[in-house]
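Protein chains in written order, with this note's numbering: chain L, 1 to 873; chain Z, 874 to 954. Read through the structure below, which is laid out as structure tokens, and then see the notes.
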């Protein structure tokens, strides 16, 4: 909906409130610190004066005569007995004092210099440069003078004693003196104040020293009535009470001619209260506290930070038509779908405008009411929760009035229909780190209480089912639905802009299943083949005996031609061909090679990538739906299990591993001996100790690799765990060798474990022991179990990992926040340039090559190898 | 002898645009001079090729994505003052 706004914001002008302006906008002067009298009525000229606005319903405002909802509240003011510094401007005041003469108020620069600055300032403005940085430079230059070039007065150094005390040549300046000085400055400088980044039209420096304090309306600081009938005032009111009390005492003491010392103490106290009223986290002074010891939440605290007004209330929006619940998997729905519980579907609605074309249909729909009884055999029937009449009245539909409302339905009404199968919704999981964190799905209404999603969309959402919850939003306008359908649907995000490859694809059991099906030359009976293919939705002929590769070929597009190394492949192409690890697909037939992670996996799937690029998102979605179902059917048919006995290795292998570990330990002993006898050859740029450590780390690393290699030799592709690791379904060969062979050296900060007790890691070892066991080498396997000392070292290494992840996530989160704030306004223009919204060019061609990474081939504009192969044919 | 930084492998090719070329560039992108990215007049390369304030410099770099990429910079005196 495009509506032309009547008023356009041209610019926003920030300025200072003058004392007169504060008095002018004030509804009343506040003189008493009390709020209510004994009868519970607000006291006139008190902090809850009825002229400051209404908070109690029914009453009318004494200033504007409006009721609670209409009256915005009105400011009051406090006349301060003595002026005080406004903390927010302490730094600005400091800069002005440094740059000007106390005698004549002029800048501490010669007339020529000032003239030059005026020219420069114009240039800065023209170049849209930073006027604040300019002002800083002006201050820097001016504060170098030790004699005023205008009146010849000696310039004493001005210091700022944080937060609000100024000293001139070591002598304290009272706020009154500061104000006098600033008055002189605005008088003497006039328009030259702009050189100090102050616009004299809206801000005079002396207004930065407060003589009148505005009192915010009561609507800003509402008091709450507790259950006991007791009133509890807002933190701001408490602070204002403090200010008025001290202000009164200061006035009385000063008027009674009290000693200077007492007056100054009270003045400082008033300054403290006014300072904490603005910002209760000012460094250098203790925060004002509540009676309970809780620090007060004053003006700055209301605005600042994550829970502040800006980030929490203005940037953060809460929405209707949304739902949140736990997610669980459903392999039977498409990746484009999301299962929505009936209970949620009955709450969420889609607005439908009644026209002459759908009038009868809508009438029937409304007649059903909000709780229609579905006919036998159907699980769910959408009803109607509300009808919005053409005059804007919203009528709640109940089972009782449904008939009536339906009869009175008019063209132009809007019917809020409950969610039904096929409605497009947005589905989201936090943290929303990339655009695939929020995708459009078609709703599918299902029983039970969880959102259901296809397993292949877990990777883009980074979701699992250990209790994850996700959010769902129902789109409310035709434009939004069209946009979501075209741009946000899951199938449009199969290729990721992150690396130009598929991010949605088969995971875990899908990969294992397809691998089991296609590896080697397994032959399936007609019945088995039909079972597997039926699960994938295949319709067509099935031969009497089929190999797994033939079965898999049935779901490939008939004109697919691809050749690549499988995940299984470790060596050269030649080598891989022998082990069924080189995939060849000709005209949609899998000729050789096992299907594994490299073919269909999320992040890596070559076939998915190829189909998504060549045949479009629809074909890719169909393929993913089919291949996951096929994989599941195959693994179910073939059978698959894994257990700790998958890591069983023969006696002789065990002996070999022990020998390797023994040798490693001996080698380390030799190294230590060599080190002690001074025979160790030093690595250039390292100390002798560092050399020893490096050598030992090398030996332990090698030992672990060797044990892994020995274990791996005895664990072949007939082993479930190995199948998972080699096909890329789950786990790695390193995991397996740690379970079967040895866990290996534990490290903290990349070094062998060395901290703990005095010159030893644990009291189990001798002081100064540099041997393998004493420094965290774990020679046991996970299967065998760790000794107590090994367990301790392993925990140390593990803890470091945990701390690292915690630190990394928080730090990268903050970094991303800053990046987003810096980049949120830049935009790609039609001519390929990247520009700021103001039109300044940032890049002359997006990414230097103008390529959309989503449409690139793993970051490259063209896949030269593939084109060559296609041309060859 | 002074080291010629223009010959260093890490320094891309810099070139001062003529008045006509500059005019054409601004027209092609439909921008004002101020909308260009800036380079300080104190930049070693700017000094080496003798560019003056207000000149537009064409920088031709080797790019990992595009092979070769061109960027333009407006020579400015120190940002502030």
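From the three backbone atoms N, C-alpha and C, an ideal C-beta is built for every residue, glycine too.
Which of helix, strand or coil DSSP assigns to residue i
i	result
residue 428 of chain L	strand
residue 157 of chain L	coil
residue 8 of chain L	coil
residue 98 of chain L	helix
residue 174 of chain L	coil
residue 905 of chain L	Beyond the ends of chain L as shown, which are 1 and 873, falls residue 905 of chain L; an answer cannot be given.
residue 745 of chain L	strand
residue 19 of chain L	helix
residue 247 of chain L	helix
residue 89 of chain L	helix
residue 777 of chain L	strand
residue 406 of chain L	helix
residue 448 of chain L	coil
residue 944 of chain L	Shown here, chain L extends from 1 to 873; a query on residue 944 of chain L therefore has no answer.
residue 506 of chain L	strand
residue 256 of chain L	coil
Distance, residue j Cα to residue i Cα
i	j	result
residue 779 of chain L	residue 674 of chain L	23 Å
residue 180 of chain L	residue 285 of chain L	26 Å
residue 820 of chain L	residue 427 of chain L	22 Å
residue 519 of chain L	residue 638 of chain L	12 Å
residue 16 of chain L	residue 799 of chain L	53 Å
residue 311 of chain L	residue 207 of chain L	30 Å
residue 851 of chain L	residue 817 of chain L	26 Å
residue 233 of chain L	residue 442 of chain L	50 Å
residue 786 of chain L	residue 795 of chain L	11 Å
residue 661 of chain L	residue 672 of chain L	17 Å
residue 595 of chain L	residue 453 of chain L	24 Å
residue 283 of chain L	residue 162 of chain L	8 Å
residue 809 of chain L	residue 222 of chain L	39 Å
residue 882 of chain L	residue 264 of chain L	Chain L is shown only over 1 to 873; residue 882 of chain L falls outside these bounds and no answer can be derived.
residue 342 of chain L	residue 731 of chain L	38 Å
residue 589 of chain L	residue 561 of chain L	8 Å
residue 483 of chain L	residue 477 of chain L	10 Å
residue 324 of chain L	residue 559 of chain L	43 Å
residue 205 of chain L	residue 81 of chain L	20 Å
residue 804 of chain L	residue 526 of chain L	54 Å
residue 876 of chain Z	residue 133 of chain L	34 Å
Proximal residues to residue i (C-beta, below 8 Å), its chain only, five neighbours per side dropped
i	result
residue 945 of chain Z	890, 898, 909, 910, 929, 930, 931 and 932
residue 303 of chain L	309 and 310
residue 570 of chain L	576 and 581
Member of the options whose CA lies at the smallest distance from the CA of residue i
i	options	result
residue 382 of chain L	L/444, L/426 and L/752	L/444
residue 604 of chain L	L/136, L/858, L/113 and L/90	L/858
residue 451 of chain L	L/431, L/73, L/473 and L/813	L/473
residue 706 of chain L	L/743, L/725 and L/213	L/743
residue 884 of chain L	L/855, L/322 and L/306	What the structure shows of chain L is the stretch from 1 to 873, and residue 884 of chain L is not part of that stretch, so it cannot be assessed.
residue 417 of chain L	L/354, L/190 and L/294	L/354
residue 88 of chain L	L/73, L/788, L/274 and L/725	L/274
residue 57 of chain L	L/219, L/360, L/21 and L/643	L/219
residue 709 of chain L	L/869, L/691, L/656 and L/758	L/656
residue 423 of chain L	L/361, L/458 and L/340	L/340
residue 215 of chain L	L/277, L/209 and L/191	L/277
residue 194 of chain L	L/313, L/843, L/29 and L/114	L/114
residue 405 of chain L	L/369, L/433, L/436 and L/421	L/369
residue 735 of chain L	L/697, L/647, L/747 and L/669	L/647
residue 398 of chain L	L/377, L/366 and L/230	L/366
Residues near residue i by beta carbon distance below 7 Å, same chain, minus five either side
i	result
residue 13 of chain L	202
residue 688 of chain L	675, 680 and 682
residue 512 of chain L	635, 640, 723, 724, 727 and 729
Cβ shell of residue i (< 6 Å), same chain only, five flanking positions each side left out
i	result
residue 529 of chain L	542, 546 and 551
residue 745 of chain L	700 and 777
residue 135 of chain L	196 and 197
* May I ask you to list, following chain order, the residues of the segment 835 to 847 of chain L that have a beta carbon less than 9 Å from some beta carbon of chain Z? => Residues of the segment 835 to 847 of chain L with a C-beta atom less than 9 Å from some C-beta of chain Z are 835, 836, 838, 839, 840, 841, 842, 843, 844, 845 and 847, listed in chain order.
* Near-chain L residues of the segment 895 to 911 of chain Z - C-beta to any C-beta below 9 Å -> 901, 902, 903, 904, 905, 907, 908, 909, 910 and 911
* For the segment 499 to 533 of chain L, enumerate the residues whose C-beta is nearer than 8 Å to any C-beta of chain Z, in chain order. => none
* Select from the segment 126 to 146 of chain L all residues with a C-beta closer than 7 Å to any C-beta belonging to chain Z, and list them in chain order. => If the cut-off is 7 Å between Cβ atoms, the segment 126 to 146 of chain L has 127, 128, 129, 130, 133, 134 and 137 near chain Z.
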